[in-house]
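K.L.:
Numbering follows UniProt numbering, with no gaps: position 151 of the sequence shown is 151.
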Amino acid sequence: MTDWPKTFDLVVVGGGNAALCAAITAAEAGASVLILESAPIAYRGGNSRHTRNFRCMHKGPASPLTGCYEEEEYLQDLMLVTKGKTDEGLARLAIRSSEDCLPWMKAHGVRFQPSLSGTLSLSRTNAFFLGGGKALVNAYYNTAEDLGVKVAYEAQVTHVHRQGDRISHVEAEIQGRPRTIKARAFVLASGGFQADIDWLARAWGPAARNFLIRGTPYNRGVVLRDMLDQGAASVGDPTQCHAVAIDGRAPKYDGGIVTRLDCVPFSIVLNNDGQRFYDEGEDVWPKRYAIWGRLVAAQPDQVGYALIDAKSIDLFMPSVFPPVTAETIEGLASKLGLDPKAVRRTVEGFNAACRPGRFHPTELDGLATEGLEVPKTNWARPLDTPPYYGYQLRPGVTFTYLGLKVDARAQVHGAEGPIRNLWAAGEIMAGSILGQGYLAGFGMTIGTVFGRIAGKEAAAHVA
1 MTDWPKTFDL
11 VVVGGGNAAL
21 CAAITAAEAG
31 ASVLILESAP
41 IAYRGGNSRH
51 TRNFRCMHKG
61 PASPLTGCYE
71 EEEYLQDLML
81 VTKGKTDEGL
91 ARLAIRSSED
101 CLPWMKAHGV
111 RFQPSLSGTL
121 SLSRTNAFFL
131 GGGKALVNAY
141 YNTAEDLGVK
151 VAYEAQVTHV
161 HRQGDRISHV
171 EAEIQGRPRT
181 IKARAFVLAS
191 GGFQADIDWL
201 ARAWGPAARN
211 FLIRGTPYNR
221 GVVLRDMLDQ
231 GAASVGDPTQ
241 CHAVAIDGRA
251 PKYDGGIVTR
261 LDCVPFSIVL
271 NNDGQRFYDE
281 GEDVWPKRYA
291 IWGRLVAAQP
301 DQVGYALIDA
311 KSIDLFMPSV
321 FPPVTAETIE
331 GLASKLGLDP
341 KAVRRTVEGF
351 NAACRPGRFH
361 PTELDGLATE
371 GLEVPKTNWA
381 RPLDTPPYYG
391 YQLRPGVTFT
401 YLGLKVDARA
411 QVHGAEGPIR
421 NLWAAGEIMA
431 GSILGQGYLA
441 GFGMTIGTVF
451 GRIAGKEAAA
461 HVA
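#1: Which term fits L37, buried or exposed, when burial requires 16 or more other beta carbons within 10 angstroms of its beta carbon?
#2: Identify, in the order they occur along the chain, each residue of the same chain with its Cβ nearer than 6 Å to the Cβ of L228, setting aside the five sequence neighbours on each side.
#3: Which of the three DSSP states is assigned to T125 in this structure?
#4: Bridge partners for I213 per DSSP, in chain order?
#5: Go to L372, then tell me how far its beta strand (DSSP E) extends in each direction, as first and last residue.
#6: Following the continuous beta strand (DSSP E) through W423, name the residue where it begins and the one where it ends.
#7: So who's on the other strand from F112, going by DSSP bridges?
#8: Among residues of its own chain, excluding the 5 on either side of R44, which ones have a beta-carbon nearer than 6 Å to its beta-carbon?
#9: Roughly how many whole angstroms lie between the Cα atoms of A189 and A19?
#10: To which residues of the same chain is G148 closer than 7 Å at the C-beta, ignoring the five residues directly before and after it?
#11: Identify the continuous alpha helix (DSSP H) that holds H461 and give its terminal residues.
#12: Of the choices V264, T325 and W104, whose alpha-carbon is the least far from that of A306?
#13: Rounded to whole angstroms, what's the CA-CA distance from G441 to F54? Just pull it up for me.
#14: What number of angstroms, rounded off, separates the C-alpha of G248 from the C-alpha of P206?
#15: Using beta-carbon positions only, say whether G455 and A22 come within less than 8 Å of one another.
#16: Taking W204 as the reference, which of R294, K376, R344 and F277 has the closest Cα?
#17: Going by alpha carbons, who is nearest to Y218 out of Y153, A333 and A245?
#18: Cα separation between F350 and A415?
#19: Given T51, which residues of its chain have a CB within under 6 Å of its CB, disregarding the five upstream and five downstream residues?
#20: Can you list, in chain order, the residues of its chain whose CB lies under 7 Å from that of D196, leaving out five sequence neighbours each side?
#21: Do the stretch 391-403 and the stretch 245-261 meet, that is, are 3 or more Cβ pairs less than 8 Å apart?
#22: Could you compute how far the alpha carbon of T400 sits from the alpha carbon of L34?
#23: Would the stretch 178-189 count as touching the stretch 420-431 if we require 3 or more Cβ pairs under 8 Å?
#24: Spatial neighbours of H242 within its chain, please: CB distance less than 6 Å, with the 5 preceding and 5 following residues excluded, ordered by chain position.
#25: Just to confirm the assignment: which complete alpha helix (DSSP H) runs, minimum length 4, are found wholly within the stretch 161-203?
#26: Could you tell me the distance, in whole angstroms, from the CA atom of L75 to the CA atom of A458?
#27: Do you know offhand how far W199's Cα is from K405's?
#28: Would you call the stretch 133-142 in contact with the stretch 95-110, where contact means no fewer than 3 C-beta pairs closer than 8 Å?
#29: What is the DSSP secondary structure of residue 467, counted as helix, strand or coil?
#30: DSSP state of Q302, grouped into three classes?
#31: Hey, how far is the Cα of residue 481 from the Cα of R381?
#32: Bridge partners for L307 per DSSP, in chain order?
#33: Throw me the rounded Cβ distance for the T82 and L434 pair, which I believe falls under 8 Å.
#34: Only counting the same chain, and skipping five residues up and downstream in sequence, which positions put a Cβ closer than 8 Å to that of P64?
Below is the structure:
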């Protein structure tokens, strides 16, 4: 810290994908940049550490992507999962800009691999990182440091000082010591508030205390709250979030991608009463996996149970935890703490409603039940082949959608207009595009696109 300038051109608050894209872009434009990462170095990168892929528009094959995935199809996919709750202008900006991001990412050290198989097969729409999100984060930090970007770890920003239509400085605690840091421009990329359980409970009610936080424990919304308290324009619903069904044995925080359960399309999912409560086969998994956290959150005790048989155990990417196993449905129910008779009735009713047809695990196959109050519209096969397997499901929150409203320049606004030297990128502004629902890989798209925009605009401001 002794070699820091008295005033930086740009301070970036946050240390994940969006922050790094902003810092690299600004540094390449000649700006002096400081990254304030609240986590220790071993946990740097926020939720980006746990990512695997990036959803990318492309007009033809572009390694590692196959086929083409053009703007209107991409937008239709987004509209489907958000039910139209999005800013279409910003959504189209993110989609169109994603095409240029792939070569930019490669040029800055990110390596890619063919799409993973199983439930989340996305070879046409999503580019998978070789080494996962951790490798991406490390590549970007190496690039940033080569460009002269300064990085402070264990640096929690406690206050962003606003004076009218500009920011003058930030107050931070860096490794426990208070610091005042001045800059000509600022980019906020510090994520949502999901790791603050009290804030979640104020929004959701007491049920939120049973949620698991699959992402970083360092995203507590301190900077977001500070800016909202100072009149920054907000966007999004505090109860909307990227929440998936994860293994109930996952840790309270930071379990990451390996705790997610992808077996739902080939399962029946029960609540504590042994009853099904939603169509497990509604759509392909990349368009529906992110609704299951909210579905489970609405069940008694915020718990669900996925049951499959031997026919399906190899069709999905497993959790890091082994499934509960039994030779009978009743035995499995007992091990899961469910009423064996209730579960047996549900399974028998489901099996009787299944109809013959062509089963195809990686696409909609129309293999549906008939006559059930809660149908299963694809991949409906009887649970009749032992051994039987089960997982407890819990809501796993990745990031929240309440955030800062931005424009197409990624600039943050107050009641009277734009805050002249303040931009935002990543999860802290994702609610501008994600009103609800989630599309696999789209969080990385938002962070990359708006991180680059924010870095470019901030550098131009101070040039």
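Where is the CB? At the ideal position from N, CA and C, for every residue including glycine.
Treat the numbers as computed from the prediction; the structure is a model and nothing was measured.
P.N.:
Inspection of the coordinates gives the following:
#1: Sequence check: residue 37 is Glu here, not Leu. Here E37 is buried: its Cβ has 16 or more other Cβ atoms, across all protein chains shown, within 10 Å.
#2: S234
#3: coil
#4: Y253 and V397
#5: First-last for L372: undefined, no H or E at that position.
#6: G417 to A424
#7: F129
#8: G15 and E37
#9: 5 Å
#10: A27
#11: F442 to V462
#12: V264
#13: 5 Å
#14: 18 Å
#15: yes
#16: With distances taken between Cα atoms, W204 lies closest to R294.
#17: Y153
#18: 54 Å
#19: G133 and M444
#20: R220 and G221
#21: yes
#22: 26 Å
#23: Enough Cβ pairs lie closer than 8 Å, so yes.
#24: A290, T398, F399 and Y438
#25: none
#26: 28 Å
#27: 19 Å
#28: yes
#29: One cannot answer for residue 467 here, as it falls past the ends of the chain, which runs 1 to 463.
#30: helix
#31: Nothing in the structure corresponds to residue 481, since the chain is present only between 1 and 463.
#32: I268 and G390
#33: Confirmed, Cβ separation roughly 6 Å.
#34: F112, Q113, P114, S115, S123, A127 and F128
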